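Since the structure comes first, as structure tokens, the remarks are kept for the end.
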Amino acid sequence: MTTLNLMDAVEEQRKEVVAMARDFALTEIVPYAAEWDRTKEYPRDVIRKLGDLGFFGMTIPEDYGGLELDHLTYLLVIEEIAAADASVSISLSVHNSLPSFVIRTYGTHEQKERWLRPMASGEMLAAFALSESHSGSDAASLSTQATRDGDGWVLNGTKAWVTNGDTADVFLLLARTDTREDRRGAKGISAFVVPRGIDGIEALAPEDKMGLRASRTNQVALHDVRVSSDHLIGQEGRGFIYALTGLDEGRMGVAAQAIGIARAALEHSVTYAKQRHQFKTAISEFQAIQFKLANMATGLEAAQSLLATAAEAKTRGEPITQKASMAKLFASEMAMMVTTEAVQIFGGYGYMRDYPVERLLRDAKITEIYEGTSEIQRMVVARELLK
């Protein structure tokens with residue numbers, strides 16, 4: 004197949020997959036998202052249906068049952084789901100990014116067969132457990148300990164802010180494998196796959212969050228959790244490096260989520276501005292409203308282009324750390340701007356939970372925080388510039 008034909012085939016597949024995601028979002032998510040937010044109900048049936056469609060295997064190789072989509076197509080699916088409900092999109096994004104990335108990149112063939120195949124089918128929902136209550140941005144200061152025990156390991160500690168914490172079937176978890184007598188910093192951290200059903204692992208009560216209220220976020224405690232040596236992914240002491248590499252994918256997923264949230268806010272704002280009349284005129288006729296909409300649309304378009312550039316660089320096999328951080332930084336701050344302006348356009352109604360822009364504003368805020376705060380993204384971009 005020629006390069007041109009291959010590109011046409013990818014584009015055709017992209018259109019089909021994104022259209023499928025959009026149709027699913029409109030019928031299975033949009034009508035219920037506000038109620039899920041109000042009740043903090045985790046939409047298990049929707050997650051299962053997404054698995055049936057193959058959307059939990061978007062980044063997993065075909066050899067292990069995945070769709071192995073190009074990265075831009077994957078991100079456009081995340082955008083479509085996020086435009087319907089950011090809570091559902093983050094479950095999808097987390098599963099497809101760091102756990103999948105680390106296992107498929109550094110795992111053995113046997114580990115990939117064991118974990119990626121059920122992850123691709125949606126039989127297993129994955130979570131990523133890195134942060135701890137005392138180690139957020141300073142993730143390398145984590146203290147969860149993995150101690151050798153014969154041919155296996157015993158894990159003790161508590162992970163914080165784990166998306167899918169009490170719904171995941173398997174965790175990609177980072178723990179220290181150095182000793183208290185010989186701490187090695189980031190080089191003393193290893194990556195483990197830990198299934199939920201194992202003795203000693205406990206998800207604590209879900210956090211009560213500002214936004215993403217239908218997404219489960221928990222502390223996960225480990226009490227003498229015993230795993231065999233084949234649960235260690237890659238080399239001992241390299242787990243933190245694996246995670247940092249995988250964060251590029253995670254950050255692009257959050258950028259796509261932010262874009263979806265902002266797109267929904269803009270669409271609602273355009274519709275409302277045409278319908279709402281003041282002084283016997285649709286408010287869309289007022290220059291103040293038009294300028295807001297113009298700024299919102301421009302920011303959205305710029306974020307989409309920046310993310311597409313990062314995704315295409317990844318497809319070409321180029322370094323993407325700087326581009327991924329730029330995309331995440333710009334898209335998340337754009338989402339806050341767009342959703343804030345959306346609430347302003349709706350006026351008093353925008354502050355009410357009867358209207359969707361209130362939820363979108365709450366959901367947008369977390370995109371500036373998780374997978375590395377905006378401050379961390381600026382540090383990453385600057386570091387790359389100054390190399």
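When you line the sequence shown up against our numbering, it's residues 4 to 390, in that order. C-beta: ideal position from N, C-alpha, C; glycine also. Predicted model, so just to flag it, every value in this text is computed and none were measured.
Run of the beta strand (DSSP E) containing residue i, from where it starts to where it stops
i           : result
residue 160 : 155-166
residue 3   : The requested residue 3 is not part of the displayed model; the chain covers only 4 to 390.
residue 198 : 192-198
Inter-residue Cα distance where the pair is residue i and residue j
i           : j           : result
residue 322 : residue 329 : 13 Å
residue 224 : residue 168 : 10 Å
residue 38  : residue 45  : 11 Å
residue 164 : residue 222 : 6 Å
residue 250 : residue 280 : 46 Å
residue 87  : residue 35  : 9 Å
residue 162 : residue 294 : 45 Å
residue 204 : residue 175 : 13 Å
residue 303 : residue 92  : 18 Å
residue 183 : residue 193 : 15 Å
residue 291 : residue 332 : 27 Å
residue 389 : residue 383 : 10 Å
residue 69  : residue 377 : 32 Å
6 Å CB neighbourhood of residue i in its chain, flanking five on each side removed
i           : result
residue 145 : 135 and 138
residue 365 : 213 and 214
residue 299 : 269, 341 and 344
Collapsed DSSP secondary structure at residue i in the structure displayed
i           : result
residue 376 : coil
residue 229 : strand
residue 218 : coil
residue 44  : coil
residue 33  : coil
residue 301 : helix
residue 235 : strand
residue 182 : strand
residue 55  : helix
residue 170 : coil
residue 152 : strand
residue 62  : coil
Own chain, CB closer than 7 Å to residue i, minus 5 neighbours either side, in chain order
i           : result
residue 307 : 262
residue 13  : 73
Delimiting residues of the alpha helix (DSSP H) encompassing residue i
i           : result
residue 418 : The shown model of the chain, from 4 to 390, leaves out residue 418, and the question about it has no answer.
residue 72  : Careful: residue 72 lies outside any alpha helix (DSSP H) and carries neither H nor E.
residue 262 : 242-278
residue 339 : 324-349
residue 356 : Note, residue 356: premise wrong, no alpha helix (DSSP H); not H, not E.
Where are the alpha helix (DSSP H) runs, 4 residues long or more, that stay fully inside the segment 74-150, in chain order?
74-87, 89-99, 101-109 and 120-124
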